[in-house]
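The structure appears below as structure tokens.
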Amino acid sequence: MDQNRTPLWEFVDVSKAYPGVLANDKVCIKLLDGSIHGLLGENGCGKSTLIKTLSGVQQPDSGQILYKGKATHIGDPQDARDKGIATVFQEFSIVPTLSVGENIFLGNMPRNRFGVIDWKQVNTSAASVLAEMEVDIDPEAITGNLSVGEQQLVEIAKAVAMKARMIILDEPTAALGEDEIERLHALLRKMRGQGTAILYVSHRLDEVERIVDEVTILRSGRVVRASGETEINVSEIVSAMVGEDIAEHYPKEQNASAEIVLTASNLSTKNGVENVSFDLHKGEVLGLGGVLGSGRTEIARALFGVDTLTGGNVTLNGKLLKVRHEIDAIDAGLALVPENRKFDGLFFNFRASGNITAASLGGLSRLGVLNLKSEEAGTHKLIEELEISPQAEQKTVNFLSGGNQQKIVIARWLFSDSKVLIFDEPTQGIDIGAKIAVYKLINALTRAGKSIILISSDHDELLAMSDRIAVVQHGSISRTVPASDLTHDDLVRASATQMDYTATEERQ
Amino acid sequence: MKRIFDSQLIGPFAAMMIVALVVALTTERFLNPGNLSNLSLQVSIVALIAIGSTIVIFAAGIDLSSGSMVALLTMILAQVLKFMGIPLMMAVPLILIVGGLLGFVLGAITAYGRIPAFITTLAALIAFRGLALTFNNGSPIFSLDPALEPLFYGKVAGIPMPFFYLVFFYGLAAFIMNFTKLGREIYAVGGNPAAAVLTGINVRKVQTMTFVIAGFMTAVGAVLMSARLNSGSPNYGQTLELQAIAAAVVGGASLAGGRGNILATLMGAMTIVIVQNGLNLNAAPSSVQNIVLGAIILLAVGIDMWRTELSATIGRLFGHSDQPASRASSAKPATSKDS
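Those protein sequence lines, which keep their order, are chains Y and R. Using this note's numbering, read the first sequence as starting at 66 and increasing by one per residue. Using this note's numbering, read the second sequence as starting at 8 and increasing by one per residue.
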């Protein structure tokens, strides 16, 4: 990459302070046309502030913004759009009840000479934008019916339709499956080829390696590292982000013993789980590998009693498990840390204590009256042990960071003294420091003799933190092998097989 | 005790005191002992029913049925007392049980039948009024039982009976909401039903329980209504459900569920009744009273919304402040290897 040409957009010593926080401290960044620029850093490092400044949502306190080498300023979001900057925020701005075409041209609908929306024009223009992107989506489809990945592409189509020269993507792959990520990346490469400048924000370091040309890393509001193409290396990135040398990104401990805790035999559900059998040992982490939609989450749901079994059975500590309701599973010692922390895990109206004890209210009460003293004492101990922000004891959990929130969800199952914990995407969307904290927690749990079923789309994490991995395809386990016998490529290939299979199935 | 008297009471308490101060300064007779005693009578029925309405709201439900249920229950009480010769000592518990049962039915339809509480209780609002009219050819029944009136007008040590009911039931409700498993589960269900399911809380049972409580408290209100007028009438309790919900809302309960303090509802009810009392003493027409009541509800909810927004803004600004700032000092200065 020619580093001497004039960047499309450049920040020079841009600072922005909020009360009590210097969110951006003399940030410099060069965004070149025809280049994908990765922006990395932990939560709260100032990434969002930088994005907001570039998309005109807020004004910097000091510093210069250069457009093709000339000083300019971005007055408001409309001004940013006029200057060719399109932002795809984490929360989509599409309207689910409208068609794809309507969404693409929302606010800028083609009209005929009577001032009425020209629907033909909307659909043909949308179709040509989508064709340009080589995306196969019907412009007349209702956007809400599309998959999350397709909605993401519609979001990008909006940017393409307005002929944006600069596209900002904030965590574009957080909700996407492997194949959808591939499609997105292919599209981004194509746009890069056409000379678009792309700012790419992500927590997934494996992706960063795959797609970006340059990297800027922020820590506590400052640029700590800016690098060119050849120097991108995950472990360097991690230590630059966290600011400490991390000897091991994945601090895996071997705690598995020979004793079998849980046996699943020939589990089937209406939800697509077919003939699933596996053993889980005491202190073991069993990884479930496979793509989104391969049936990993469904297996977890079947174990936990969310979906009814149509066949097979589960034994826990030698006893046949009869699960009619989630309560039965919890009473037997199972725990589910759900994928979607926000929607399925947390009570935002409670402080940490209420969240931590929510699954143990029965044991915490006598004749229906809660023992609040032992609740406070027990949760205080966990908050200290897990290094959860002490604020959590005073404030409701909506004030806490994602990492703290995730620890609180996990702490709930430590409090209830569960024997088998199912972790569904435990590190999705949390920063690298919090991820490592979750890994250490997994070690602490297995050391204490608890067993873990780990579901993760992050292949590196799954390989590093599991003792054994069961590869899930089409709702069945195709094989169970020691994690050390598998490579990243094996998992990708397994995922790819599933995709080919699904594709042929659909064609038939 | 700290748990019960938390910061959520400050706003509603301040609102009540300000309203009381304004009325006291503008209206001479407001602070007369007779008037204050009258106030506690006036507030009692709506405040007792509001306990149930609030608890339903805590679990993210809504109960529109209480006004009509009062009419129906006063008619049933009148029927059994006057025409069936059932003694008062048995009739009152019977009404309380019937109230609980009606609540159970509404709760079960809502929770297990998955019909929104708004619809279930709107249907009940209409149907209960109709049911009340099926008794005694739709006419009120008067002069029920001389022993009925003391339940409302009686005094112990010079203090009107309704005061004791308020203390007892609000005390009980505060205990349930703050110190019991059920109370915690109600807040959990209101806060996040999906998470409640996954933590093993029986969401439907909890939702149903809130309606049983609401039905029971409505029955308490109905008995007092009958005692107050020594009669039963299919016309009693008009808009009472709205006043009860207003008391909850003025007290700061979030209609989204999960948030609020039950004692604040008492203050909300007091605020409303003090305003009504002040307007009454100044001979304001009922049209003005309704307009003022509407304005109070809007203002109370408005302040609550702005407060939420304000704290959200503060949360956005300081939400990440637990990020150790000290790391910045160890950060190497920006290196520009690319130039």
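Glycine included, C-beta positions come from ideal geometry on N, C-alpha and C.
Neighbouring residues, chain Y, relative to residue 188 of chain R (Cβ below 8 Å): 426, 427, 429, 430, 433, 434 and 435
Where residue 181 of chain R falls, given that 16 or more other Cβ within 10 Å makes a residue buried: Buried is the label assigned to residue 181 of chain R, since at least 16 other Cβ atoms lie within 10 Å of its Cβ.
Through-space distance from residue 93 of chain R to residue 87 of chain R, alpha-carbon basis: 6 Å
Contact set for residue 259 of chain Y: own chain, Cβ-Cβ below 6 Å, skip 5 residues either direction: none
Rounded C-alpha distance that separates residue 278 of chain Y from residue 265 of chain Y: 10 Å
Residue-chain proximity (residue 401 of chain Y, chain R), Cβ-Cβ < 8 Å: yes
Limits of the unbroken beta strand (DSSP E) element including residue 264 of chain Y: 262-266
CB contact below 8 Å: residue 409 of chain Y versus chain R: yes
The stretch 20-30 of chain R in contact with the stretch 274-292 of chain R per 3-pair CB rule at 8 Å: Taking a contact to require three or more Cβ pairs closer than 8 Å, the stretch 20-30 of chain R and the stretch 274-292 of chain R qualify as touching.
Contacts that residue 398 of chain Y makes with chain R (C-beta to C-beta distance below 7 Å): Correct list: empty, because the minimum Cβ distance to chain R is about 12 Å.
The stretch 251-269 of chain R contacting the stretch 292-306 of chain R, beta-carbon criterion three pairs below 8 Å: yes
Per-residue contacts from residue 204 of chain R into chain Y (C-beta, under 7 Å): 391
CB contact flag (residue 233 of chain R, residue 135 of chain R, <8 Å): no
Short CB-CB distance (under 8 Å) between residue 195 of chain R and chain Y: yes
Whole-angstrom distance between residue 223 of chain Y and residue 469 of chain Y, CA atom to CA atom: 35 Å
Residue span of the beta strand (DSSP E) that contains residue 198 of chain Y, given as start and end: Premise fails: residue 198 of chain Y is in no beta strand (DSSP E) and is neither H nor E.
Proximity test, Cβ basis, 8 Å: residue 265 of chain R and chain Y: yes
Helix, strand or coil at residue 341 of chain Y [DSSP, three-state]: strand
Rounded distance between the beta-carbons of residue 302 of chain Y and residue 280 of chain Y, thought under 8 Å: 7 Å
Enclosing alpha helix (DSSP H) for residue 113 of chain Y [first to last residue]: 112-119
Alpha-carbon spacing of residue 325 of chain Y relative to residue 105 of chain R, whole angstroms: 54 Å
Residue 107 of chain R at chain Y interface by Cβ criterion, 8 Å: no
Within 8 Å, strictly: CB atoms of residue 112 of chain Y and residue 283 of chain Y: In this structure, residue 283 of chain Y lies closer than 8 Å to residue 112 of chain Y by Cβ.
Residues of its chain near residue 205 of chain Y, where Cβ-Cβ distance is below 8 Å and the 5 sequence neighbours each way are ignored: 164, 165, 166 and 188
Residues, ordered as in the chain, of the stretch 436-468 of chain Y that lie near chain R by beta-carbon distance below 8 Å: 437, 454, 456, 463, 464, 465 and 466
Rounded separation between residue 143 of chain Y and residue 490 of chain Y - CA only: 37 Å
Residue range of the alpha helix (DSSP H) that includes residue 488 of chain Y: Run containing residue 488 of chain Y: none in the alpha helix (DSSP H); it sits in the beta strand (DSSP E), 485-489.
Reduced DSSP category for residue 216 of chain Y - H, G, I as helix; E, B as strand; rest coil: Under the three-state reduction of DSSP output, residue 216 of chain Y falls in the helix class.
Close-in-space but distant-in-sequence residues of the same chain around residue 122 of chain R (CB under 7 Å, 5 per side omitted): 116
Uninterrupted alpha helix (DSSP H) stretches inside the stretch 399-459 of chain Y (no shorter than 4 residues): 417-422 and 437-450
Chain R contact for residue 76 of chain Y (CB, 8 Å cutoff): no
Exposure label - residue 433 of chain Y; buried when at least 16 CB within 10 Å: So residue 433 of chain Y ends up on the exposed side.
Contact with chain Y by residue 35 of chain R, beta-carbon distance below 8 Å: no
Reference residue 225 of chain Y; option with closest CA among Y/436, Y/95 and Y/263: Y/263
Within chain Y, the residues that residue 201 of chain R reaches when beta carbons sit closer than 9 Å: 403, 405, 408, 409 and 410
Integer-rounded CB distance, given that residue 348 of chain Y should sit under 8 Å from residue 322 of chain Y: 5 Å
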